[in-house]
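If you count the sequence shown from 1, you need to add 846 to reach my numbering.
The C-beta atom is built at its ideal place from N, Cα and C for all residues, glycine as well.
Inspection log for the structure reproduced underneath, given as structure tokens.
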Amino acid sequence: MDSVGTLSVLNCPSDMKKISDACRKAGRELGFVPTMGALHKGHITLVEESVRRADVTVASVFVNPTQFGPGEDFNRYERDYEGDVEKLARCGVNYLFYPDISDIYPDGFQTTVSVGNLGDCLCGPFRPGHFDGVATVVLKLFNIVRPDFAVFGRKDYQQLKIVQKMVRDFDMDIEIVEMPIVREPDGLAMSSRNAYLSAEQRIKAASVSKALREIGKKFKGGCDDCRILLAEADKVLRMAQINDIDYIEIRDPETLELRHRAVEGDLVALAVRLDGTRLIDNIVL
Ligand code: PAF
């Protein structure tokens, strides 16, 4: 086991399980933050929340191949082991679980989670197999780390809802703690993929959250017609020359069913592409 300050790095699932067992026996609450690394301020708020609540915090860094489709950015996805270790140590995280692909998917691995309807909308049709890959790895990580709670960000809203549903459906005794989206000063939601943006694309990208804010303003002004609300966002995006729009939709925040008339608490979610870089964002009305 490697150590950096008070952070210990574990690679092997059996070592992680031993630590988790010892925590449980000692009656220490264990918080968990699963990540794919390249940690930014968004991740840090998740980690800080766990450190604040739990006796022991485990973060994982694992770029999960099964949630990337063919032609997606698995190989290009930023890896920054040294930087991640330093940030986690500074936040007071106790353990970093940093497995190899063969630890998570050993030879012969074949059982996967199939998420239901919640995975069929929003990002689902644009990223076939993505949410099954996410649910499968999260289930594995939960079984290895066996936390009392796990912290997820609302930036990946659909992922959050799918994980919450999986935990309920499989009777897992793990509380899912939700944290708000962390934004750059111009409103862009923090994401590891923002690093792919050129200076020009980065300027355009500010219009993604602006489009959502326009919907929020119009809704507060009394408009609940989703067609009109969405047209407003579409206008903002096209003005910024963001024309490659996977979806902008208003949906029930729990079932993710499509709305025609928006009500308070509804989810407004979008995904756009800026020359191949896919950005997602959402607000709750
Ligand atoms: O949100 C992420 O970073 C990933 O989807 C997760 C939850 C770590 C699973 O690989």
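First through last residue of the alpha helix (DSSP H) which encompasses residue i
i: residue 880; result: Counting along the chain, residue 880 falls outside any alpha helix (DSSP H), though it belongs to the beta strand (DSSP E) covering 876-881.
i: residue 894; result: 887-899
i: residue 927; result: 927-937
i: residue 1013; result: 1003-1015
i: residue 1055; result: 1045-1066
When the options are compared against residue i, the one with the closest alpha-carbon
i: residue 858; options: 952, 1115 and 1105; result: 952
i: residue 908; options: 931, 1084 and 1006; result: 931
i: residue 881; options: 1100, 924 and 871; result: 924
i: residue 962; options: 955, 954 and 974; result: 974
i: residue 1006; options: 879, 1081, 855 and 872; result: 879
i: residue 956; options: 890, 1067, 986 and 1084; result: 986
i: residue 933; options: 852, 1058, 1095 and 1043; result: 852
Contact check, residue i vs residue j, beta carbons under 8 Å
i: residue 904; j: residue 941; result: yes
i: residue 1104; j: residue 1128; result: no
i: residue 869; j: residue 1126; result: no
i: residue 998; j: residue 1024; result: yes
i: residue 1115; j: residue 1124; result: no
i: residue 937; j: residue 991; result: no
i: residue 1022; j: residue 1009; result: yes
i: residue 850; j: residue 981; result: no
Counterpart residues of residue i in DSSP-defined beta bridges
i: residue 954; result: Answer is none; residue 954 lacks a bridge partner.
i: residue 1029; result: 1035
Continuous beta strand (DSSP E) stretch holding residue i: start and end
i: residue 941; result: 941-943
i: residue 904; result: 902-907
i: residue 1105; result: Element bounds for residue 1105: n/a, residue is neither H nor E.
i: residue 1117; result: 1113-1120
i: residue 997; result: 995-999
Residue i Cβ short of 7 Å to the ligand ADP heavy atom set
i: residue 1060; result: The ligand ADP is absent from the structure shown, which contains only the ligand PAF.
How would the residue list near the ligand PAF read, in chain order, if you kept each one whose beta-carbon is closer than 6 Å to any heavy atom?
880, 881, 882, 910, 913, 980, 983, 984, 1002 and 1005
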